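This report refers to the structure that appears directly beneath it.
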């Protein structure tokens, strides 16, 4: 084994261990970059942040991320909340890396928690006579991170947290070897109105397999400011719709922010992201661009 490396824009593939480190053009990497395996103070605006490195490669993959926060000390695995990020309509060329984020209300949630996440994406299935869409999925049991909420714990600092390359990082995420080849799916089961067109991306088989490294993704001060501004806007949207959270300092006109959260669907907290996953398994990517948001987050 060797130390893993993050996806970057390098043209060099280093074959220095049993896994190809994800530091090459053509490798898309998806990782949790916050939280870390640390102890944090209670926070009603606790962020959960994912990074897509070499984000432009995700254009035809139409990825989706699902996460939930569960009580690590509860035998029933009580779900505090979670979210589904539908990313079919993202412009993947405007930011590098591209951060996807949500938040959870952990103000009254002292204890040990576990962040579970999984994802799926589309690629080309070339096994038949004509190209088709293939749904690829990760396993949630393989993507988790434990952290603690405790009075006296550290405050959330996205910049400082991601500046450290240490053992507090999440488990390696997903690294996909994306070629520059695409195919047009003529006889497709998916609605092109939901996904823009019928183009699929061809994934390459790599030997050794590329390995992700969440420790190498950094959130700079500009990105952190943007994340906090977006989270505030989402909270204000929820306040406006439900008449709660009156103490928020919201701008008078949230028109711009409303565009960022268009298509938000509110579900009950009891339903949770885990329940949605079961529903999602049945409908096989027939959803669109909506953000699924649990109201107590």
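Numbering (our numbering), first residue to last: 4 to 300. Heads up, the beta-carbon is just placed ideally off N, CA and C, and yes, glycines get one too. Treat the numbers as computed from the prediction; the structure is a model and nothing was measured.
Query	Result
Three-way DSSP call (helix, strand, coil) for residue 63 in this model	coil
Residues bridged to residue 110 [DSSP beta-bridge criterion]	Residue 110 pairs with nothing; no bridge assigned.
Beta-carbon gap between residue 137 and residue 126 smaller than 7 Å	yes
From 89, 162 and 202, residue whose alpha carbon lies closest to that of residue 224	162
Any 3 or more C-beta pairs closer than 8 Å across the segment 49 to 68 and the segment 101 to 121	yes
Whether residue 52 touches residue 36 by CB criterion (7 Å)	yes
Rounded C-alpha distance that separates residue 206 from residue 187	14 Å
Spatial distance of residue 79 from residue 115 (CA atoms)	14 Å
Check: residue 170 C-beta below 6 Å from any heavy atom of the ligand ZN	Questions concerning the ligand ZN fall outside what the structure shown contains, since it holds no ligand whatsoever.
Residue span of the alpha helix (DSSP H) that contains residue 165, given as start and end	161 to 165
Opening and closing residue of the beta strand (DSSP E) in which residue 81 lies	Element bounds for residue 81: n/a, residue is neither H nor E.
Nearest-angstrom Cβ-Cβ length linking residue 39 and residue 164, presumed shorter than 8 Å	6 Å
Three-state secondary structure assigned by DSSP to residue 73	strand
Helix, strand or coil at residue 231 according to DSSP, with G and I counted as helix	helix
6 Å Cβ shell around residue 117 - same chain, five flanking residues per side excluded	73, 75, 147 and 149
Reference residue 47; option with closest CA among 97, 112 and 208	112
Buried or exposed (CB count within 10 angstroms, at least 16 for buried), residue 30	buried
Closest by C-alpha distance to residue 170, when choosing among 222, 132, 230 and 41	41
Residue range of the beta strand (DSSP E) that includes residue 47	46 to 56
Burial state of residue 180 (16 or more Cβ within 10 Å)	buried
Contact under 7 Å by Cβ, residue 178 with residue 214	yes
In DSSP terms, what residue 221 is bridged to	Answer by DSSP bridge pairing: none, since residue 221 is not bridged.
Chain-order list of residues whose beta-carbon lies under 7 Å from that of residue 220 (same chain, five-residue window excluded)	9, 34, 36, 54, 56, 100 and 165
Nearest-angstrom Cα separation, counted from residue 216 out to residue 202	29 Å
Inter-residue CB distance, residue 50 and residue 109 (contact presumed, cutoff 8 Å)	The pair is not a contact, with the Cβ atoms about 10 Å apart (cut-off 8 Å).
C-alpha gap between residue 159 and residue 107, whole angstroms	13 Å
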